[in-house]
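Here the protein sequences line up with chains A and B, keeping their order. Per our numbering: the first sequence = residues 6 to 356. Per our numbering: the second sequence = residues 6 to 356. Written out below as structure tokens is the structure these notes cover.
There are 2 protein chains.
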Amino acid sequence: MLERFAENPIIEPSHVAPSREDFEVVCTLNAGAIQMPDGTVLLLMRVAERPKDVRQGWATAPLLDLTRDDRQITLLRCRTDDAEYDPVDPRWFIYQGQKYLTSISHLRVARSQDGRRFQIDPTPTLVAERACEEFGVEDPRITYLEGRYWITYTAVSRHGIATALASTEDFHEFQRHGVIFCPENRDVTIFPERIGGRYACHHRPVPVNIGQASMWVAWSDDLMHWGDHGYLMGGRPDTWDSGRIGGGAVPIKTERGWLAVYHGADHQNRYCLGAVLVDLDDPGRVLARSREPLMAPQADYEVHGFFGNVVFSSGAVLTDDVLTIYYGAADRCLAGATVPLQDVLGQLEPV
Amino acid sequence: MLERFAENPIIEPSHVAPSREDFEVVCTLNAGAIQMPDGTVLLLMRVAERPKDVRQGWATAPLLDLTRDDRQITLLRCRTDDAEYDPVDPRWFIYQGQKYLTSISHLRVARSQDGRRFQIDPTPTLVAERACEEFGVEDPRITYLEGRYWITYTAVSRHGIATALASTEDFHEFQRHGVIFCPENRDVTIFPERIGGRYACHHRPVPVNIGQASMWVAWSDDLMHWGDHGYLMGGRPDTWDSGRIGGGAVPIKTERGWLAVYHGADHQNRYCLGAVLVDLDDPGRVLARSREPLMAPQADYEVHGFFGNVVFSSGAVLTDDVLTIYYGAADRCLAGATVPLQDVLGQLEPV
Chain A
6 MLERFAENPI IEPSHVAPSR EDFEVVCTLN AGAIQMPDGT VLLLMRVAER PKDVRQGWAT
66 APLLDLTRDD RQITLLRCRT DDAEYDPVDP RWFIYQGQKY LTSISHLRVA RSQDGRRFQI
126 DPTPTLVAER ACEEFGVEDP RITYLEGRYW ITYTAVSRHG IATALASTED FHEFQRHGVI
186 FCPENRDVTI FPERIGGRYA CHHRPVPVNI GQASMWVAWS DDLMHWGDHG YLMGGRPDTW
246 DSGRIGGGAV PIKTERGWLA VYHGADHQNR YCLGAVLVDL DDPGRVLARS REPLMAPQAD
306 YEVHGFFGNV VFSSGAVLTD DVLTIYYGAA DRCLAGATVP LQDVLGQLEP V
Chain B
6 MLERFAENPI IEPSHVAPSR EDFEVVCTLN AGAIQMPDGT VLLLMRVAER PKDVRQGWAT
66 APLLDLTRDD RQITLLRCRT DDAEYDPVDP RWFIYQGQKY LTSISHLRVA RSQDGRRFQI
126 DPTPTLVAER ACEEFGVEDP RITYLEGRYW ITYTAVSRHG IATALASTED FHEFQRHGVI
186 FCPENRDVTI FPERIGGRYA CHHRPVPVNI GQASMWVAWS DDLMHWGDHG YLMGGRPDTW
246 DSGRIGGGAV PIKTERGWLA VYHGADHQNR YCLGAVLVDL DDPGRVLARS REPLMAPQAD
306 YEVHGFFGNV VFSSGAVLTD DVLTIYYGAA DRCLAGATVP LQDVLGQLEP V
């Protein structure tokens, strides 16, 4: 059965040095995870920061100053008694009709020999720098493919929530490949090998006029341009994933199919984790899926936090047939849990 | 100045033979347009049909029967006094939480020697046949590139409104290339030549959480896989295009830049046409744009129809420096108008 680490939470905001003296880290969450050739577990986590000193009666949004070549973070400020100010939830507010985030995120590396105790880099690894990243970079997923690590991450700006791609050989030098999925799209997981000669991924568009937030498959010849989109699966009424679903960890190859941990939320915004098995030769075909959550918010650090009642994974590592799932808890901290692969497969219901 | 054809509307539902005896054509609209090598103007228009005999007190949605290999159109019926029935507007209704279209569209060719009097093919040219086209195929745009005609069209299903690609050499045999933009995305116009070695297009994603329906640019090496997405332009508050905008006709090369006719709607759903000039070497850079509409609904056939107060173009042809704009009027019929290219360029305001 699924066992949470006794060490949880494994990474908390207080463990992470802010990128600037006048900032504080408010959330350390949603990490891509990969095991390096030397056995090291590497997490690339999202670190959300905000200015330390916000005067009473003011709201602040940290964002890129696109007018400056050095793309420094600047602060948008407004009074909370302004008629044009509307607090939405802890994550964002609206001012003069525009939605802003209360924090800005960068990505940061943490490394561990045992997968539980992590050494966190003292400085950011990948920071917002483009117009499409004006409000920050979030929720990375790491796929190792043909000699490089490919990282999909959420690029947030006033024009929408999109998914961009970067790659690296060493997690020091990165190459950016631009936005690969236009708004609104996030939770992009690239499969770790070619399937039928092509690269594949799962992604999560959010339709407006018809349809609901669902998982889709897409195909590529170069990882940078995607096409041949197809619907994969959506939420199920009256279940834990009735509200919205999206990809979680990068799919893992098993004898029975590609296994992907995904997240689902109900209409009360309670985020759980489940799993889906897709066909080895056709990742657009669902074979089996969790009827009940694999994990639901339960521990105190999952129920209470920046945005409560959330477990959200963007990375998992398989070692000796045991799956270690790394996950953001209550949008505030990082935690881990292990579960034997056979238990996950056994929990799935054929569809 | 812009002059409507004296012949308007040039194509009406009554001119078009339905695809089945038990169907009637309700709308003939939104046509891709291209001038063939022999001078013929070819329109590929959207033809919307619905069952002829709908009993009083019933609503009907024609859609593909995905359970059958031959993918025939079947009819979903529900009583209009059903508590789970909600009429939305003439275009769709909601039943048991699912949105349905009141008609199903196919694409049909019409040809003309003078660009005004059209001969309409007696049978459909391109029909819905895939799961992503369950509710029909709509709003084609035609781009001639390297020996083939490339057609982007809207693929509508219960999973969303997406854009698919097909190609042909002769408008008889078509090859389908699948969904190139996942939901919600439509109004995709592919540029008629490579720019800096790559293919480019404008598209229109619809963000949900942050941002609004806006025009973006994307790039491709093969027309089937797209990436490097970037924001192009959005609606402007308190103008005719404040509500939503999207691409219209395929961009036309001029000395000053690529000229694209686009549509904008205000918050009362009044659809007008405007124009935008983008950089010859960078179609992601706006040079100038219509402050006032190039065309607003005015004629009776534009104001009254299936969905009134709409002029919507998906195709234009340039001949001897005169632009002929083909457009859907009030979502019911097809009309045309001419305007000297210099007048369009002169109307634009640098940004």
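Backbone N, C-alpha and C fix where the C-beta goes; we use that ideal spot for every residue, glycine too. These numbers come from a predicted model, not from an experiment.
In or out: residue i buried (at least 16 other Cβ within 10 Å) or exposed?
| i | result |
| --- | --- |
| residue 207(B) | buried |
| residue 8(A) | exposed |
| residue 164(B) | buried |
| residue 314(A) | buried |
| residue 246(B) | buried |
| residue 4(B) | With chain B running from 6 to 356 in the structure shown, residue 4(B) is simply not present. |
| residue 75(B) | exposed |
| residue 129(B) | buried |
| residue 143(A) | buried |
| residue 192(B) | buried |
| residue 272(B) | exposed |
| residue 230(A) | buried |
| residue 19(A) | exposed |
| residue 235(B) | buried |
| residue 139(A) | buried |
| residue 11(A) | exposed |
| residue 85(A) | exposed |
| residue 22(B) | exposed |
Output, in chain order, the set of chain A residues within a Cβ distance shorter than 8 Å of residue i.
| i | result |
| --- | --- |
| residue 187(B) | 186, 190, 208, 210, 221, 223, 234 |
| residue 167(B) | 234 |
Cutting at 7 Å between CB atoms, please list the residues of its own chain near residue i, excluding the five before and the five after it.
| i | result |
| --- | --- |
| residue 13(B) | 304, 306, 340, 341 |
| residue 187(B) | 167 |
| residue 73(B) | none |
| residue 290(B) | 283, 284 |
| residue 308(B) | 302, 314, 335 |
| residue 101(A) | 89 |
Under the three-state reduction of DSSP, which class applies to residue i: helix, strand or coil?
| i | result |
| --- | --- |
| residue 20(B) | helix |
| residue 134(A) | coil |
| residue 239(B) | coil |
| residue 348(B) | helix |
| residue 119(A) | coil |
| residue 35(A) | strand |
| residue 98(B) | strand |
| residue 78(B) | strand |
| residue 42(B) | coil |
| residue 265(B) | strand |
| residue 104(B) | strand |
| residue 28(B) | strand |
| residue 6(A) | coil |
| residue 114(B) | strand |
| residue 353(A) | strand |
| residue 275(B) | coil |
Once you ignore the five residues that flank residue i on each side, which residues in its own chain have a CB closer than 6 Å to its CB?
| i | result |
| --- | --- |
| residue 45(A) | 116 |
| residue 156(A) | 145, 147, 171 |
| residue 65(B) | 56, 59, 80, 82 |
| residue 174(A) | 153 |
| residue 326(B) | 346 |
| residue 219(B) | 239 |
| residue 257(A) | 264, 323 |
| residue 254(A) | 266, 318, 320, 321 |
Along chain A, in chain order, which residues have C-beta atoms closer than 7 Å to that of residue i?
| i | result |
| --- | --- |
| residue 213(B) | 189, 211, 213 |
Using a C-beta to C-beta distance shorter than 9 Å, which residues of chain B count as neighbours of residue i?
| i | result |
| --- | --- |
| residue 230(A) | 223, 224, 225, 226, 227, 229, 230, 231, 232, 233 |
| residue 104(A) | 214, 215, 216 |
Please list, in chain order, the chain B residues whose beta carbon lies closer than 8 Å to that of residue i.
| i | result |
| --- | --- |
| residue 163(A) | 215, 216 |
Got a sec: is the Cβ-Cβ distance from residue i to anything in chain E below 7 Å?
| i | result |
| --- | --- |
| residue 183(A) | No chain E appears in this structure, whose protein chains are A and B. |
Which residues in the same chain as residue i place their Cβ atom closer than 8 Å to its Cβ, once the five residues preceding and following it in sequence are excluded?
| i | result |
| --- | --- |
| residue 103(A) | 163 |
| residue 204(B) | 150, 195, 196, 224, 225, 226, 227, 228 |
Could you check if residue i belongs to the surroundings of the ligand FAD, using beta carbon to heavy atom distance under 6 Å?
| i | result |
| --- | --- |
| residue 198(B) | Ligands are entirely absent from the displayed structure, and the ligand FAD is therefore not among its contents. |
Report the residue ranges of all alpha helix (DSSP H) runs contained in full by the region 283 to 321 of chain B; include only those spanning at least 4 residues, in chain order. Runs of the alpha helix (DSSP H) inside the region 283 to 321 of chain B: 305 to 308.
Runs of 3 residues minimum, wholly inside the region 169 to 250 of chain B: which ones carry the beta strand (DSSP E) assignment? Here the runs fully enclosed are 179 to 186, 190 to 195, 204 to 210, 220 to 225, 232 to 238.
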